[in-house]
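S.K.: Dumping the structure here so I can ask a few things about it.
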Amino acid sequence: EQFTAVVPAAGVGSRMAADKPKQYLELAGYTVLESTLLRLISHNNINKIVLVISPEDDYLQELPISKASWLQVVMGGKERSDSVLNGLQACDDNWVLVHDAARPCVRHDDISALLALAGTGSGGILAKQATDTIKLAQKSNQNACKIVDRSISREHIWQALTPQLFPRKELIAALQWCVQKNIAVTDEASAIEQTGGTVQLVAGAHDNIKITHPGDLALAQFFLEQQQI
Ligand code: C5P
Numbered sequence: 004e005q006f007t008a009v010v011p012a013a014g015v016g017s018r019m020a021a022d023k024p025k026q027y028l029e030l031a032g033y034t035v036l037e038s039t040l041l042r043l044i045s046h047n048n049i050n051k052i053v054l055v056i057s058p059e060d061d062y063l064q065e066l067p068i069s070k071a072s073w074l075q076v077v078m079g080g081k082e083r084s085d086s087v088l089n090g091l092q093a094c095d096d097n098w099v100l101v102h103d104a105a106r107p108c109v110r111h112d113d114i115s116a117l118l119a120l121a122g123t124g125s126g127g128i129l130a131k132q133a134t135d136t137i138k139l140a141q142k143s144n145q146n147a148c149k150i151v152d153r154s155i156s157r158e159h160i161w162q163a164l165t166p167q168l169f170p171r172k173e174l175i176a177a178l179q180w181c182v183q184k185n186i187a188v189t190d191e192a193s194a195i196e197q198t199g200g201t202v203q204l205v206a207g208a209h210d211n212i213k214i215t216h217p218g219d220l221a222l223a224q225f226f227l228e229q230q231q232i
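Taking UniProt numbering, I'd label the letters of the sequence shown as residues 4 to 232.
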């Protein structure tokens, strides 16, 4: 079976403190975005990518990859969920993968493990079990000094990665419901949870990092050199 991946890349990446959006920073001779797209399209079961960019994006058109036959480019919206919805509307598949533009180190075996969920009744996500001890902060109005309320057993804490795989129509309905109710979600699974759907957890590799802070580029480069996908 062949799948389409929707890649939201319409964010500004303000935490990188760089002069351009983080997906256009250089990584191992390519941009972060190209590395991510090539990683996805080189998987045997992915044959199309819908890339969601900002209407103000001047960078994509400079890249040869923007003309690839397997790539469809659509415009993003205000929030990530708006961008993903625009991407999902441009597909006609039963199941769809959503993958962050900022995760170029995703491994092919992890993608395969996630795609295997399409044979089951419900979708799911790649995730990694927390390795740090997790503290819940007290609710307070002042940010200056946070105080611990309690620790949460990390045995049950998973950090959500991407790709995330869901039935396309279920995901569209869930994201639309969240937009309508003004519920902010930072990943697709959150929308499915909000609407009572099931999200399966698939343990993924710890090197599937999201490039967020300046040091992450060097780390991603190291992981890419080490990996044999
Ligand atoms: O901010 P964060 O790193 O969680 O963003 C995750 C992904 O969502 C990024 O690839 C970003 O480009 C994308 N995004 C988007 N449209 C927005 C906001 C974020 O496609 N309006």
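C-beta: ideal position from N, C-alpha, C; glycine also.
Since the model is a prediction, treat every value here as computed from it, not as a measurement.
Can you give me the C-alpha to C-alpha distance between residue 109 and residue 154, rounded to a whole angstrom?
M.R.: When rounded, the distance between both Cα atoms is 30 Å.
S.K.: Am I right that residue 133 and residue 151 are in contact with their C-beta atoms under 8 Å? What's the rounded C-beta distance?
M.R.: Wrong, their Cβ atoms sit about 16 Å apart, outside the cutoff.
S.K.: With a threshold of 16 other CB atoms inside 10 Å of the CB of residue 138, please say whether the residue is buried or exposed.
M.R.: By the neighbour-count definition (other C-beta atoms within 10 Å, threshold 16), residue 138 is an exposed residue.
S.K.: Spell out the partners DSSP gives residue 125 in its beta bridges.
M.R.: Its beta-bridge partners do not exist; DSSP assigns none.
S.K.: If you count every other CB in all the chains shown that lies within 10 Å of the CB of residue 216, and 16 or more means buried, which is it?
M.R.: Looking at its Cβ environment, which holds fewer than 16 other Cβ atoms inside 10 Å, residue 216 is exposed.
S.K.: On the DSSP bridge list, what partners appear for residue 297?
M.R.: The structure shown has nothing for residue 297, since the chain only spans 4 to 232.
S.K.: Thinking just about the alpha-carbon of each residue, which of 55, 167, 212, 91 is nearest to the one in residue 128?
M.R.: 167
S.K.: Taking the continuous alpha helix (DSSP H) assigned at residue 152, which residues delimit it?
M.R.: Note, residue 152: premise wrong, no alpha helix (DSSP H); beta strand (DSSP E) at 151 to 155.
S.K.: Give me whichever residues DSSP pairs with residue 203 in a beta bridge.
M.R.: 127
S.K.: What do you reckon, are the CB atoms on residue 101 and residue 75 nearer than 8 Å?
M.R.: no
S.K.: With a threshold of 6 Å on Cβ separation, who are the neighbours of residue 27 within its own chain once the five nearest residues in sequence on each side are excluded?
M.R.: 34, 62
S.K.: For residue 214, I'd like the list of residues in its chain whose CB is within less than 7 Å of its CB, leaving aside the five on either flank, ordered along the chain.
M.R.: 25, 35, 105, 220, 223
S.K.: Thinking just about the alpha-carbon of each residue, which of 66, 91, 65, 71 is nearest to the one in residue 77?
M.R.: 91
S.K.: Give the straight-line distance between the Cα atoms of residue 30 and residue 96, rounded to the nearest whole angstrom.
M.R.: 31 Å
S.K.: At the level of alpha carbons, what is the spacing between residue 71 and residue 118?
M.R.: 24 Å
S.K.: Going by the CB atoms, is the gap between residue 85 and residue 202 shorter than 8 Å?
M.R.: no
S.K.: Helix or strand or just coil, what does DSSP make of residue 132?
M.R.: strand
S.K.: How about residue 131 and residue 179: are their beta carbons less than 8 Å apart?
M.R.: no
S.K.: Could you tell me which of 194, 172, 164, 190 sits nearest to residue 1, measuring between CA atoms?
M.R.: Shown here, the chain extends from 4 to 232; a query on residue 1 therefore has no answer.
S.K.: Residue 22: buried (16+ other C-beta within 10 angstroms of its C-beta) or exposed?
M.R.: Exposed, by the Cβ-count rule.
S.K.: Considering only the alpha carbon of each residue, which of 69, 225, 13, 5 lies closest to residue 55?
M.R.: 13
S.K.: Near residue 208, which residues of its chain fall below 7 Å by C-beta distance, leaving aside the five closest residues on each side in sequence?
M.R.: 110, 113
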